Amino acid sequence: VGLWLFFPIEKAKEFAIEKGSAQLGRNITIDDAQVSFWGGIGVKLGNVAVSNRPDLEDRAFLTVDSVDG
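Right, dumping it as structure tokens:
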């Protein structure tokens, strides 16, 4: 319970969006973030989408149901 109270999951989500967007040069959206215990304490991101280049179609370049890291 303490982990959920003191682990800033929204900050981790914002950090992933900020750093991922900067590295890829594309917009990233993440719908959900949760604490994960798979392989150690981490963050599980849900419904992640990476946008396409501006000169291409309006669809996402990549979408995944979840990323656990």
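When we follow the working numbering, the leftmost residue of the sequence shown carries the number 104, and every step to the right adds one.
Glycine is no exception: its CB is placed at the ideal position from the N, C-alpha and C atoms.
Treat the numbers as computed from the prediction; the structure is a model and nothing was measured.
Where residue i falls, given that 16 or more other Cβ within 10 Å makes a residue buried
i: A136; result: buried
i: L148; result: buried
Residue j beta carbon less than 8 Å from that of residue i
i: V153; j: A163; result: yes
i: D134; j: N155; result: no
In DSSP terms, what residue i is bridged to
i: L148; result: A136, V170
i: L165; result: V153
Rounded straight-line distance, which links the Cα of residue j to that of residue i
i: I144; j: E113; result: 16 Å
i: P111; j: G128; result: 25 Å
i: F140; j: V146; result: 8 Å
i: S124; j: I131; result: 6 Å
i: D158; j: L165; result: 16 Å
Query raised in the report: Taking only runs of the beta strand (DSSP E) that begin and end inside the segment 108–144, which ones reach a length of at least 3 residues, in chain order?
Result: 131–139
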